[in-house]
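When we follow the UniProt record's numbering, the leftmost residue of the sequence shown carries the number 1, and every step to the right adds one.
Every residue, glycine too, gets a C-beta built ideally from N, C-alpha and C.
Values in this document were obtained by computation on a predicted structure and should not be read as measured data.
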Amino acid sequence: MRNQQASSGKRQDVGEVLVTGLSHDGRGLARTQSASVNRAFGHRAGKTARNKEQGKTLFIEGALPGETVTVRILEDRRRFLNGRVQTIIQTSDERVEPPCKHFKQCGGCSLQYWSHKGQLAGKQEIVLDQLRRFSSLVPVEVAPPLVSEPYGYRHRARLSIRWQKDGLALGFREKQSKAICSISECPVLSEPLRPLPELLRELLPQLQKHQAISHAELFDADSGRAVLLRRIRPLTEQDAEALRDFARKEQLHLYLQGDPDRVHCLYKPRDDSWLYNQIPEFDLTLQFRPNDFTQVNWAINRKMVAQAVEWLQPKPSDRVLDLFCGLGNFSLALARQVQTVTGVEGSEGAVERARHNAGLNRIKNCDFHQADLSALAKGNEWFNRDYDILLLDPPRTGAIEIIEQMAQTLPDRVLYISCNPATLARDAGALSEQGFQLAKLGVMDMFPQTAHVESMGLFIRS
Numbered sequence: 001m002r003n004q005q006a007s008s009g010k011r012q013d014v015g016e017v018l019v020t021g022l023s024h025d026g027r028g029l030a031r032t033q034s035a036s037v038n039r040a041f042g043h044r045a046g047k048t049a050r051n052k053e054q055g056k057t058l059f060i061e062g063a064l065p066g067e068t069v070t071v072r073i074l075e076d077r078r079r080f081l082n083g084r085v086q087t088i089i090q091t092s093d094e095r096v097e098p099p100c101k102h103f104k105q106c107g108g109c110s111l112q113y114w115s116h117k118g119q120l121a122g123k124q125e126i127v128l129d130q131l132r133r134f135s136s137l138v139p140v141e142v143a144p145p146l147v148s149e150p151y152g153y154r155h156r157a158r159l160s161i162r163w164q165k166d167g168l169a170l171g172f173r174e175k176q177s178k179a180i181c182s183i184s185e186c187p188v189l190s191e192p193l194r195p196l197p198e199l200l201r202e203l204l205p206q207l208q209k210h211q212a213i214s215h216a217e218l219f220d221a222d223s224g225r226a227v228l229l230r231r232i233r234p235l236t237e238q239d240a241e242a243l244r245d246f247a248r249k250e251q252l253h254l255y256l257q258g259d260p261d262r263v264h265c266l267y268k269p270r271d272d273s274w275l276y277n278q279i280p281e282f283d284l285t286l287q288f289r290p291n292d293f294t295q296v297n298w299a300i301n302r303k304m305v306a307q308a309v310e311w312l313q314p315k316p317s318d319r320v321l322d323l324f325c326g327l328g329n330f331s332l333a334l335a336r337q338v339q340t341v342t343g344v345e346g347s348e349g350a351v352e353r354a355r356h357n358a359g360l361n362r363i364k365n366c367d368f369h370q371a372d373l374s375a376l377a378k379g380n381e382w383f384n385r386d387y388d389i390l391l392l393d394p395p396r397t398g399a400i401e402i403i404e405q406m407a408q409t410l411p412d413r414v415l416y417i418s419c420n421p422a423t424l425a426r427d428a429g430a431l432s433e434q435g436f437q438l439a440k441l442g443v444m445d446m447f448p449q450t451a452h453v454e455s456m457g458l459f460i461r462s
């Protein structure tokens, strides 16, 4: 069947289907008969309509396992269909009423219709299913999830800004659209951040060059609140002064960003003040700049770091390699427990901040290096050292390149922090081929109400 979009001139609904599972991105899974698909797209009976397979896999946005639903088809592919719930005939006990008034339009928190308990169980099953399907692995132990508050957890958020004829649109992308859902509230924002969207909505149109502002990023750090404004053209000095007055009144850090690597501090509450977060469990203060990567859910980050150390059971004689180390989030906590830690990160700016944070916390047994971990790493001096522990915290693309390069030198303990169940399953398979077993696995509630799945896996050489 030729790939096609559902057209408005044809019937686009599929009759009743039973949702039997979840896809890796949180959509419902069902199987539909070929005949119903052909009717949905208006295909004539014939060779094309008489598919040999018994229907196709149907991915259903807004559906929960166990529900019976009818589906609006959005896209027909050769092997599967994408759709959205049209009507719910049999409702899951896990379905709840979304509390956010923007839920139907905003694309930010797509799982608000699912109970928090159900989300956690579902995300755990997604990870386990990916491991079974793509690496034939079953963890020896499944740990309890690290649980977040379901709302008010987000300490960092990026708002899009669009200047329209009818005024300012400030908020998040709409569902399956580039349009902006202009928000008046956001229940996942932490309490200190919740007033800021409306305050910015009042402030920005008053600027002379207001159309120069394209994004606003909000921060709730242990050092206080901050706002980063992305500008595509210079502002006037009068605009800069108006922004300083706003920051002074609200007592927040205010930054302007002209390009991804250049950030200018327009106002800070004290001359010596940095943005920082703390991990008191390890007596750590991590300073950062607003264009650095930091976790949006700092409460879960603290639990995650503590769990990493607990699972690894480091000894004072251990030598640790922390790849994709960022600002030293795991490196510096582990350095309190072990002989040495070597951190490697692709961003030179992050490496500079990691070194700075080591000095700030009076930690002398860490060294940090910049390297592209998707490229050949064997020529680097840090690569040729011996290690007792490897910690991996890669981006969504995973860490397969470095795992393959270290195949002959992997230490006996590997801790893998994942933000993508699919690449975790792939990389877990590679580790299994090197003689590792998945000793422990647990999901982490970093992004409640969204389809993002974070997990931690401990691999031990068997």
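Beta-carbon contacts of residue i that lie in its chain and below 6 angstroms, excluding the five residues immediately before and after
i                 : result
glutamine 105     : Glu174 and Cys181
serine 115        : Glu94 and Val96
glycine 46        : Residue placement at glycine 46 cannot be trusted, given a pLDDT of 42 that sits under 50; the coordinates are not used to answer.
lysine 123        : Val443 and Val453
valine 351        : Glu345, Phe368 and Gln370
phenylalanine 103 : Gln112
lysine 52         : Reliability of the predicted coordinates at lysine 52 is poor, the pLDDT of 42 falling under 50, and no value is obtained from them.
proline 150       : His116 and Pro448
methionine 446    : Asn297, Ile300 and Glu454
Where the alpha helix (DSSP H) containing residue i begins and where it ends
i             : result
histidine 210 : Run containing histidine 210: none; DSSP gives neither H nor E here.
glutamate 198 : 196–203
glutamine 405 : 400–405
Start and end residues, beta strand (DSSP E) containing residue i
i              : result
lysine 378     : Segment: none, lysine 378 is in no beta strand (DSSP E) and carries neither H nor E.
valine 454     : Residue identity differs from the one stated: residue 454 is glutamate in this sequence, not valine. Element bounds for glutamate 454: 454–461.
lysine 56      : 56–61
isoleucine 389 : 389–392
serine 418     : 413–418
aspartate 129  : From DSSP, aspartate 129 is part of no beta strand (DSSP E) but of the alpha helix (DSSP H) over 116–135.
leucine 18     : 13–18
leucine 189    : Taken as a continuous stretch (DSSP letters only), leucine 189 belongs to no beta strand (DSSP E), as it is neither H nor E.
leucine 159    : 156–164
For residue i: DSSP bridge partner residues
i              : result
alanine 425    : BP columns for alanine 425 are empty, so no partner.
isoleucine 90  : The question names isoleucine, yet the displayed sequence has glutamine at residue 90. Thr68, per the DSSP bridge assignment.
aspartate 25   : Aspartate 25 is not bridged to any residue.
cysteine 181   : Phe172
methionine 444 : Leu146 and Glu454
isoleucine 73  : Gly83
histidine 215  : Ser160 and Arg230
leucine 438    : Phe459
alanine 30     : Leu58
aspartate 220  : Arg225
arginine 95    : Trp114
glycine 152    : The partner list for glycine 152 (beta bridge, DSSP) is empty, contrary to what the question assumes.
cysteine 100   : Paired residue(s): none; cysteine 100 is not in a bridge.
glutamate 141  : Lys440
glutamine 370  : Glu345
glycine 167    : Gln164
cysteine 106   : Glu174
Contacting residues, own chain, Cβ-Cβ under 7 angstroms from residue i (five flanking each side not counted)
i              : result
alanine 422    : His24 and Gln130
alanine 35     : Bear in mind that a pLDDT of 45 at alanine 35, under 50, signals an unreliable position, so the number given afterwards is only what the model happens to contain. Within the same chain, alanine 35 has no close Cβ partners at all.
aspartate 222  : Tyr276, Asn277 and Gln278
isoleucine 460 : Asp412, Arg413, Phe436, Gln437 and Ala439
isoleucine 367 : Checking the sequence, you will find aspartate at residue 367 rather than isoleucine. For aspartate 367, where only same-chain residues beyond five positions count, the Cβ hits under 7 angstroms are Thr342.
lysine 268     : His253
arginine 154   : Val188, Leu189, Ser190, Val296 and Asn297
alanine 30     : Val17, Leu18, Val19, Thr20, Leu58 and Ile60
leucine 360    : Thr285 and Gln287
arginine 201   : Leu168 and Leu170
Neighbourhood of residue i by C-beta, 8 angstroms cutoff - its chain only, sequence neighbours within 5 removed
i           : result
residue 498 : One cannot answer for residue 498 here, as it falls past the ends of the chain, which runs 1 to 462.
valine 305  : Ile279, Glu281, Phe282, Asn329, Phe330 and Ala333
glycine 429 : Phe134, Ser135, Ser136 and Leu137
lysine 303  : Leu146 and Met444
serine 462  : Gly435, Phe436 and Gln437
Proximity test, Cβ basis, 7 angstroms: residue i and chain C
i         : result
valine 69 : Of the protein chains in the structure, only one exists, and it is not chain C.
What are the uninterrupted segments assigned as alpha helix (DSSP H) that are 4 or more residues long and contained completely in the region 231–292, given in chain order?
237–250
Every unbroken alpha helix (DSSP H) inside the region 311–367 [4 residues or more]:
The qualifying runs are 331–335 and 348–360.
Determine, using beta-carbon pairs with one atom in the region 190–199 and one in the region 148–163, whether at least three such pairs fall under 8 angstroms.
They touch, by the three-pair rule.
Three Cβ pairs or more, each shorter than 8 angstroms: is that satisfied between the region 223–234 and the region 139–146?
no
Report yes or no: do three or more beta-carbon pairs, one from the region 83–94 and one from the region 58–75, lie closer than 8 angstroms?
yes
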